[in-house]
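Keeping their order, the protein sequence lines are chains A and B. Letter by letter, the first sequence follows residues 53 to 522 in the numbering used here. Letter by letter, the second sequence follows residues -5 to 357 in the numbering used here. Okay, structure first, notes after.
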Amino acid sequence: MKKTSKPKLSLLMVLGLSFTMVMSACGSSKDAGPSAEPAGTASNNGGSTATANEPAATPGSPLEEALQGKYKGTKVTMFGPFVDADQKKFESSIKDFEDKTGIDIQYEGSKEFEATINVRVDGGNAPDIADFPQPGLLASIAKTGKVVDLTKVLDQEKLKKNYNQSWLDMGTMDGKDGKIMAGIWNRSNVKSLVWYPKKQFEEAGYKVPETWDEMMALTEQIAKDGDPAWTIGIESGAATGWPGTDWIENIMLRTTTPENYDKWVKGELPFTSPEVKNAFELMSKIWMNKDYVYGGTKSIVTTAFGDAPKPMFENPPKAWFNLTGNFITSFFPETAKVDQDYDWFYLPPIDSKYGKPVLVAGDIYAMFNDRPEVRAVMEFFTTGESIKSWVQSGGVIAPMNDASLDWYTSESDRRMAKLVQDATTLRFDGSDLMPGKVGAGTFWKGMTDYVSGTATLDEALKQIQAGWNN
Amino acid sequence: MAGKKKRRSKKWIVNIVLGIICFVWLLPTLGLLISSFRPAADILETGWWKVFPHQEWKTKDTIQLSKDVDLRGPIEVNGQTYTDDQLKSGVMQDGKRLTWENRRAREISVQDQGWVGSPKLTLDNYKNVITGKEYTIKNADGSESKEKGTGLSQAFWNTLTIAVPATVIPVLIASFAAYAFAWLRFPGRRTLFVVIIAMLVIPIQVALIPVLKDYTSLGLNGSYLGIWLAHTAFGLPLVTYFMYNFISQLPKDLFESAFMDGATHFTIFSRLILPLSVPALASIGIFQFLWVWNDYLVSLIFIGNQPEVQVMSMKIADLVGSRGNDWHLLTSAAFISMLMPLAIFFLLQKYFVRGLMGGSVKG
């Protein structure tokens, strides 16, 4: 019995194998057609449409032309790090534009954006537009000359009107030959915020501190009352340490000149310098005091940054302050309400000499393929309109000047936008600007080693600085 | 008699060792399975083993201390003094445990040990993963609209569409090649074979950018054909080597007699080789299928993240959100993605062990 059934089975398998082979051979050509199309149109259509409507010859910008329906049916590919909820919000904010112009923006989000974009660009498969959360990464690609210089693509006068000059400066990078405008800013985060449970904070009779000293006094007061004031977590998988860099950057901006900050970011002011060491020491006064930190200093390294705010939402709160960017609200319990249950205060200035500096981060959009419809989309991204519905959903700040404060649906977001507009100094997250070896390497590791106690402060600083040398 | 006893005790040891290995391997899986049924807040708070009935300290009574007790000094409770640290971690007094109930209100709880059962379990994690999460998006007029995200089903079919041909093609090509290497005599046979074996040691990462460049010029990026070819190419050396080992060990007499009867090479291959090497085909098929199914890197580079072609591993990575805020969904997603390989394994397992040994000891 067994002997007869065996050849049959194998014959079946052979048939199955060859059938799938044939199927796959037939299916492939059909499948490959539509999905390969975006790549195809990217290179082919570019030439033909560009000659058809030369942007310089026609009056009106590409955006106006697009709105007139000139680029109907074209596709623009876009690649970025938004996935899941962020991707939905992004897509809903561009939907109106797509409907009006008939341009299909094909957004592809990936958690591995940082790792993939280099491979794609090097492999000649760059998207039309890429969204960089770290300008340092864009800067390294801009150097290869593969990024389109936006100086000639976008109306500079309009840009100057619609952006704070420091945003434009931050978008200017070294190209292959000389400075180019490598990207434009579309979405920003504010990183100088201390979140606190508002209701209980007021019930306890505490007052929002206006100066660093007041904040330290309040921290001590809360410790005496029986709670650690701060909840800090810097664990983030392979990126463990990054939430700590925001602390140092914030303190740097508050204890030294913006020029020194810029020098530090460029690597001209070493980590071992007194300015940086001072910033670490100020931070240590909170971090290294076990009465000030929820779970004690040792828990900082093992607490995920997203889990850190959770003790603030227990009743009664087990901790009171959490310094993070505005994105952290997506980690807050769903039941907690903004403006009622939680709110933020501006991390107070340390030395009044340096005014009210604000640390920001954001997404810079760069263009890789120069086609008229891509120009139109890029121009669209410089308008506040392009992010309006996302702003309304909460969690982001629009860097454009034509984004109205009325769009923000929560008082908290509106205050944030105002904070950015009124900032005496606006500086970008330093670790994102530093080269990857430092900003996403030794800086993170040094912070972690210092906090976990495996390195003394001087050792840690030397170790971070060593990242510049190799 | 003595020998039999000895053998039996040896078997006993083997069984124990196997049992331990199984336990060590299964325990994390069990933990993951249990976690996948727990609410996110619970996963964060306690370990998965807390779902089993266990003893826990329960508050029986509270002691209210004076509000102005200095926490940094000695704290007096029921006539005995403790430090703050002791009360934080819990300290025993007359068989009961003292610990802070509400440190801020200077309230101390007196705890007894008691049994805890009936854990909170939920199917939400699976629901979110299978049917998609719900996102709340605020509209211009301030109203909220709910939007449903996509679940795993599309990605599941995409992965299957990729995995089946990406398994069948290399196995088929490799069987042909293995037959040729084992039984045909042609010039350069050994050199060619060595070259193929040498390919085994080349990491696929070095090939990514060059292959991507070629794909771009051929327009194969993001297409199923492209990724089938990529997986085929990356898998071929190992599959060829494996099939060669098996096919070259088949008895020579068999082919000689078939040849005498006038069989062509193709007849020998399809009538003799394939039926005889079913165990090997099945086991290398499982290997290749698992590799393709679990692959992340090759898909990331060659097929990308557009929803129409996105594979499971990438969809699952995206489920956790841009900043990893929904990591608890990984538990249930991992189990769902595990189903298919498990099914394949159990379907083909009777060939599996035979196939693994087939190439190595026969002859």
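Built from N, CA and C at the ideal position, the CB exists for glycine as well. Everything numeric in this text was worked out from a predicted model, so none of it was measured.
Contact belief for residue i with residue j at Cβ below 8 Å, rounded distance in angstroms
i: A/P409; j: A/L321; result: Incorrect: roughly 16 Å between the Cβ atoms, too far for contact.
i: B/D312; j: A/D136; result: 6 Å
i: A/K434; j: A/M452; result: The question names Lys, but residue 434 of chain A in the sequence shown is Thr. About 7 Å; that satisfies the 8 Å criterion.
i: A/L471; j: A/V260; result: Incorrect: roughly 14 Å between the Cβ atoms, too far for contact.
i: B/A201; j: B/S242; result: B/A201 to B/S242, Cβ: 28 Å. No contact.
i: B/R100; j: A/G278; result: 7 Å
i: A/G197; j: A/G227; result: 6 Å
i: A/P400; j: A/W264; result: 5 Å
i: A/Q186; j: A/E209; result: The Cβ separation is near 29 Å, so there is no contact.
i: A/E425; j: A/T126; result: 4 Å
i: A/G235; j: A/Y417; result: 5 Å
Exposure label - residue i; buried when at least 16 CB within 10 Å
i: A/N521; result: exposed
i: A/E301; result: buried
i: B/R1; result: exposed
i: B/H48; result: exposed
i: B/R183; result: exposed
i: A/V412; result: buried
i: A/L245; result: buried
i: B/G220; result: buried
i: A/F384; result: buried
i: A/V483; result: Reading off the sequence, residue 483 of chain A comes out as Ser, not Val. Buried, by the Cβ-count rule.
i: B/W94; result: buried
i: A/V199; result: buried
i: A/L485; result: buried
i: A/E254; result: exposed
i: B/F180; result: exposed
i: B/D289; result: buried
i: A/N96; result: For A/N96, the predicted model reports a pLDDT of 38, less than 50, meaning its position is unreliable; a value from the coordinates is still stated below. With fewer than 16 Cβ atoms within 10 Å of its Cβ, A/N96 is classed as exposed.
i: B/S3; result: exposed
i: A/A291; result: exposed
i: A/T508; result: exposed
i: A/S456; result: exposed
i: A/T297; result: buried
i: A/G188; result: buried
Spatial neighbours of residue i in its chain, beta-carbon cut-off 7 Å, leaving aside the 5 residues before and after
i: B/T325; result: L26, S29, S30, N119
i: A/G121; result: T153, G154
i: A/K389; result: none
i: B/I338; result: I280, F283
i: A/W219; result: W237, P451
Same chain only: Cβ atoms within 8 Å of residue i, ignoring 5 sequence neighbours per side
i: A/Q392; result: K250, K251
i: B/L65; result: D78, R97
i: B/W222; result: I156, P159, A160, I163
i: A/S57; result: Because the pLDDT of A/S57 is 47, which lies under 50, any placement of that residue in the model is unreliable, and the question is left without a value.
i: A/Q273; result: Y258
i: A/T324; result: D510, L513, K514, Q517
Residues of its chain near residue i, where Cβ-Cβ distance is below 6 Å and the 5 sequence neighbours each way are ignored
i: A/A512; result: G498, D501, Y502
i: A/P295; result: I286, F357
i: B/F34; result: The displayed chain sequence assigns Ala, not Phe, to residue 34 of chain B. Excluding positions up to five away in sequence, the list reads H322.
i: B/F263; result: Y173
i: A/S445; result: K141
i: A/V448; result: R239, W442
i: A/E89; result: Caution applies to A/E89, whose pLDDT of 35 falls short of 50 and renders its modelled position unreliable; the value that the coordinates give is listed next. Here the set comprises nothing.
i: A/A371; result: P280, T283, Y346, P363, M364
i: B/I131; result: S139, E141
i: B/M193; result: P231
i: A/F432; result: L115, F149, S438
* Taking a Cβ distance cut-off of 7 Å, strictly less, list which residues of the segment 163 to 191 of chain A are near chain B, in chain order. => K163, E164, T168, V171, D174, G175, G176, N177
* **Residues of the segment 309 to 320 of chain B whose Cβ lies closer than 8 Å to any Cβ of chain A, in chain order** => A311, D312, L313, V314, G315, S316, R317, G318, N319, D320
* To do: Identify each residue in the segment 445 to 456 of chain A for which the Cβ-Cβ distance to at least one residue of chain B is less than 9 Å, and report them in chain order.
  => S445, G446
* To do: Return the residues of the segment 19 to 47 of chain B that lie within a Cβ-Cβ distance of less than 7 Å from chain A, sorted by chain order.
  => L38
* Relative to chain B, which residues along the segment 366 to 394 of chain A have a C-beta separation below 7 Å, given in chain order? -> P368, F379, S382, F383
* Quick one, which residues of the segment 118 to 136 of chain A are near chain B if we go by CB-CB under 7 Å, in chain order? -> P133, F134, V135, D136
* Asked: Relative to chain B, which residues along the segment 349 to 361 of chain A have a C-beta separation below 9 Å, given in chain order?
  -> A356, F357, G358, D359
* To do: May I ask you to list, following chain order, the residues of the segment 194 to 207 of chain B that have a beta carbon less than 7 Å from some beta carbon of chain A?
  => L202, I203, L206, K207
* In chain order, what residues of the segment 92 to 115 of chain B put their CB closer than 9 Å to some CB of chain A? -> W94, N96, R97, R98, A99, R100
* Asked: Would you say the segment 182 to 197 of chain B touches the segment 229 to 239 of chain B, given that touching needs at least three Cβ pairs under 8 Å?
  -> yes
* Asked: Residues in the segment 296 to 308 of chain B with C-beta within 8 Å of chain A's C-beta atoms, listed in sequence order?
  -> G298, N299, Q300, E302, V303, M308
* To do: Can you give me, in chain order, the residues of the segment 140 to 162 of chain A that have a beta carbon less than 8 Å from any beta carbon in chain B?
  => K140, K141, S144, Q158, E160, G161, S162
* Inter-stretch contact at 8 Å, needing at least 3 Cβ pairs: the segment 301 to 317 of chain B / the segment 147 to 155 of chain B -> yes
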